[in-house]
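I have placed the structure first, in the form of C-alpha cells, so that the comments after it can refer back to it.
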Amino acid sequence: MIELNAPDQKSVRLESATAGEALEKLGLRGGALAAMVNGKAVDLYRPLTESGSIEPIGPDSEEGLDILRHSAAHLMAQAVAEMYPGTRFGVGPAIRDGFYYDMEIPGGITEEDLPKIEKEMRRIAKRAIPVERREMSKEEALAYFREKDDPYKAEIISELEEEKVSLYFQGNYADLCRGPHVPNTSYVRHFKLLSVAGAYWRGDEKNIMLTRVYGTAFGNEEALEAYIRRMEEAKSRDHRRLGKELDLFSIQAEGPGFPFFHPRGMVILNGLMDFWRKEHTKRGYCEIRTPLILDRSLWIRSGHWDHYRENMYFTEIDEQPFAIKPMNCPGGMLVYKSQIRSYRDLPMRVAELGIVHRHERSGVLHGLMRVRCFTQDDAHLYCRPEQVKDEIIGIMDLCRYIYSDVFGFKYTMELSTRPENSMGSEEQWDIAESALKQALEESGAEYRLNPGDGAFYGPKIDFHLEDCIGRTWQCGTIQLDFQMPEKFDLTYIGADGKEHRPVMLHRTILGSLERFFGILIENFAGAFPYWIAPVQVRILPVSGDFVDYAKETAQKLRAKGIRVEIDERDEKLGKKIRDAQTQKIPYMAVVGEKEMQSGTIAPRERSRGDLGSMPLEEFLEVLAGEFNPLKS
RNA sequence: GCCGGUGUAGCUCAGUUGGCAGAGCAGCGCACUCGUAAUGCGCAGGUCUCCAGUUCAAGUCUGGACACCGGCUCCA
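Below, the structure is given as C-alpha cells:
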C-alpha cells in the first residue's frame, strides 16, 4: 500500500498504480503530460513503488514544455525514419524555445522538405501511438542500435556510466532517452518545423556534419502563434535591416566584416564615445591611444603569437614583420613602462577606445554583431594586490550605471575560470580566481560559474545584457591578468623603496562599440532615445511658403546644439509625418501659417503624437527635460 | 572553415518549358500650395554578383569564384 499527497492537501492510498492512475484518482489527470513524483519527473505510465508527493506536469510549466518538445523531437525523428529509410540519428534535445534533432539523412533534405515532414508528423500524432519506456542493459541497447545501424546512438550508450539505460518506443521507432515523455503521440499537436542547418556530431568540427532540423512545440495554438509573432518581431528589429533603412551603416562586398559607418551612424557612435569619456573622466580614468600596427616581437613577447596567431593579420614594413593589433593590452604595457611608476600612482586606470582587427572565419560574420574590425572600450587598471577587489567593485558599479541606468538593460554576470590552453601556474590562477570570486561575493550580486571558459591569460567576469525581447548578449568583461605584468616585467616602486609587480585588470563595459551599437538598434527597434538619436528634431513646413520660417527655427535649435533637419520637399504634411515617423525621429515640428504668424511651432512626439502649438522657448524646455546622460 | 540556401534597378521583390528584362517604393521633372501616417501625371534608372562552359540563343542549364542568409565550431 502506498500513499500519495497532492499539492492541494488531497491524498490517496493505493494498492498499486501508475502515476497517471494516481493523478486520475486525485482528479488531477486532465491535461497532464507527465507527473512529478517525489521531485522526479516520470511518465504517466510509470508504476509507483513508494509513497510521497505527486503532482501533474502540464504544458504550461517549463518542465512540461521540455517534455512536450522532447517528445516532438521524437515524433519528428519517427517521421523522418519512415520517410527517409537509412537515416541515422544523433541527438535530439529540447532547447530554449523549441527542439532540434541531428540526423544523417541519405540524400539530405532542404527547408522545402519541412512541410512534408510536418504533414507526416501530424499523421503519426493523430494515430495516438503509445510511447513506451523500456529499461534494458547497456549490452541489450547496444545490440539494438547496432542492428539498426545507428552508430551515433551506440557511441553515446557505450560512453554512459549507468548499467541500465532506458529506450522509448513509439511504433517502429525507438530512441535512447532518459525521459519522461508524453503518454502517446497525440499529445504533440501544436508544433512547427523551423529550419535546417548543419551541425557537427558532438559539436566537434573534426567530426562528420549532420543535418539538424529545428522546430518548436507548445501546449496550445495561441502560444505557438505568439512565438511565431515574436520571431517576426525580432526579424523586424534586425539591426542589419534597420541599419540600411535608417541609413546608419553598411557592409560592402569589398570589406566583409569591416563595416562602413554613415553620417547618422556616426552620430550614435560619437554620442556613445562622448558619454563614455565623460563617465570615465568622472571615475578617475585617463585615456591613451596606441598604434594599430606594431612589431611582431611585441606579440611574441605578449604570448599572442603562441595563443592567438590564428586570429591575427600580419604585414611587413621595410622587410620587418609587423602585426595588426587584435588586442590593446601589449601597446598599453609599453605606455606603462615608459616611465618609473610609484605606489602612489596606483591604481592607474588607463582607458583606450582601441580599434582591433581579428581574423574571424568567414561563416561567423554577422552584421555589426560579429565583425573583423571593432572598437573596444578597453581599459587597463594597474594596482597593488590589496586594491584589486575595490577596483573590481568600481568596475561593476560603472557597468550597473551604464547598462541599467542609462540604457535600461537587465544583465547577468558570469565567472569564467581556467581554460585548457592557458598560460601561468596553477597557483597564480587560484589566486586570480579567488580574487574575482571575492569581489563578486562582497558585492552581493548573483552570478553564474562557467568553468574552463577564461581567457588564456586569466579568469574573467563577463556581463550578459538582456534586450527587450529576451535575447542575451555578452558585452562587458573584467579579466584579471598576472601574466602580462610578468612578461613585460612591469614594476612600481613601493613605500619600501623596492620594486614590486603590479596586478593588472583588463576590462570593457560596452565590449565592442560596433556590437553595442547593433544591440542598441535591435533593443530600441531603431527608435533611439532622444539624447543619442541621429536626428532629434525634423521641421515640417506645411507648404513651400513656410520654408524660410522653418530655416529660421532650425537655426535657433541648432544654436542650442540640437540636431535638426528640415523636410523641404514639395509634399503634403501627412506624407512628411509618415516619413519622419518611419525614420523614428523623436520630434517633428510642424510650421504653417498659424505658427509663422504667432512665432510658435507645433511639435509632435513620435509616440505621443501632436503636442499642440507652443512658443519655441517652451519646446526647448521640453527638449531640455529629455533624459540626457551627456548633460548630467 | 564546414553544412544548407540565396544573389535581377538605390531598396523590396516578380520573371513561365532557354526566345527583346518587369512592378512597387525611393530619385528626378511638371501640376497641385496643401494642417498631423502615403496628391496626381510623367521621366530616368540594369554588365540580371563575377569568371568560364553548354546552346543558333542563357537572368533561366552546368562548373568555379565572391558575397550574403540560416546554423555548427569560434567569439567582443
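Using this note's numbering, the first residue of the first sequence is number 60, and each one after it goes up by one. Quick reminder that beta carbons are idealized off the backbone N, C-alpha and C, glycines included.
Ranked by Cα distance from residue 388, the first of 626, 482, 496 and 516 is 516. Setting aside the 5 residues that flank it on each side, residue 626 is surrounded in the same chain by 597, 598, 599, 600, 635, 638 and 639, each with a C-beta closer than 8 Å to its C-beta; the list follows chain order.
Per DSSP, residue 61 lies in no alpha helix (DSSP H); the unbroken beta strand (DSSP E) holding it starts and ends at 61–64. With respect to the 7 Å criterion, residue 65 and residue 78 are not classified as neighbours on the basis of their beta carbons.
In the three-state reduction of the DSSP assignment, residue 642 falls in the coil class, being assigned neither a helical nor a strand state. Distance between residue 236 and residue 60, taken at the CA atoms: about 30 Å. In this model, residue 607 and residue 686 are separated by some 31 Å (Cα to Cα). Per DSSP, reduced to three states, the secondary structure at residue 509 is strand. Sixteen is the threshold: when 16 or more other Cβ atoms of the shown chains lie within 10 Å of the Cβ of residue 113, as they do, the residue is buried. Shown here for residue 170: same chain residues with a beta carbon closer than 7 Å to its own, the five before and five after excluded, namely 254 and 255 in chain order. Excluding residues up to 5 positions away in sequence, 410 lie with their Cβ nearer than 6 Å to the Cβ of residue 346 in the same chain.
Checking the DSSP bridge columns, you'll see residue 532 partnered with 524. In the same chain as residue 248, and ignoring 5 residues on each side of it, the C-beta atoms closer than 7 Å to its own belong to 184, in chain order. Of 399, 148, 355 and 407, the smallest CA-CA separation from residue 382 is found for 355.
Residue 284 sits exposed, since fewer than 16 C-beta atoms from the chains shown fall within 10 Å of its C-beta. Here the C-alpha atom of residue 267 lies approximately 11 Å from the C-alpha atom of residue 211. Runs of the alpha helix (DSSP H) lying entirely within the stretch 661–688, each at least 4 residues long, are 675–683 in chain order. Per DSSP, reduced to three states, the secondary structure at residue 331 is helical. Spatial neighbours of residue 424 in its own chain (CB-CB distance under 8 Å, excluding positions within 5 residues in sequence) are listed in chain order as 315, 316, 430 and 431. Residue nearest to residue 690 within the set 564, 395 and 591 is 591 (criterion: CA-CA distance). Distance from the Cα of residue 477 is smallest, within the candidate group 244, 158 and 518, for 518. When DSSP states are grouped into helix, strand and coil, residue 433 belongs to the strand group. Here DSSP, grouped into helix, strand and coil, assigns residue 325 to helix. Around the CB of residue 126, 16 or more other CB atoms lie within 10 Å, so the residue is classed as buried. The Cβ atoms of residue 482 and residue 506 lie no closer than 7 Å to each other. A distance below 6 Å between beta-carbons, with the five flanking residues on each side excluded, links residue 131 to the following residues of its chain, in chain order: 158, 247, 250 and 276. As summarised for the stretch 246–309, the continuous beta strand (DSSP E) elements at least 3 residues long and confined to that stretch are 249–259 and 268–277, given in chain order. Residue burial is scored here from C-beta neighbours: residue 242 has at least 16 other C-beta atoms within 10 angstroms and is therefore classed as buried. Counting only the Cα atoms, residue 450 lies some 48 Å from residue 612. Note that the stretch 519–534 touches the stretch 563–577; at least 3 beta-carbon pairs, one per stretch, sit closer than 8 Å. Taking one beta carbon from each stretch, the stretch 299–310 and the stretch 195–205 have fewer than 3 pairs nearer than 8 Å; the two do not touch.
Residue 142 and residue 467 have their alpha carbons spaced roughly 49 Å apart. Straight-line spacing of the CA atoms in residue 279 and residue 304 works out to 36 Å.
Of the candidates 363, 104, 624 and 570, the residue whose Cα lies closest to the Cα of residue 428 is 570. The residue from 217, 676 and 567 with its alpha-carbon nearest to that of residue 413 is 567. If you ignore the 5 residues before and after residue 326, its C-beta comes within less than 6 Å of the C-beta of 593, all in its own chain and listed in chain order.
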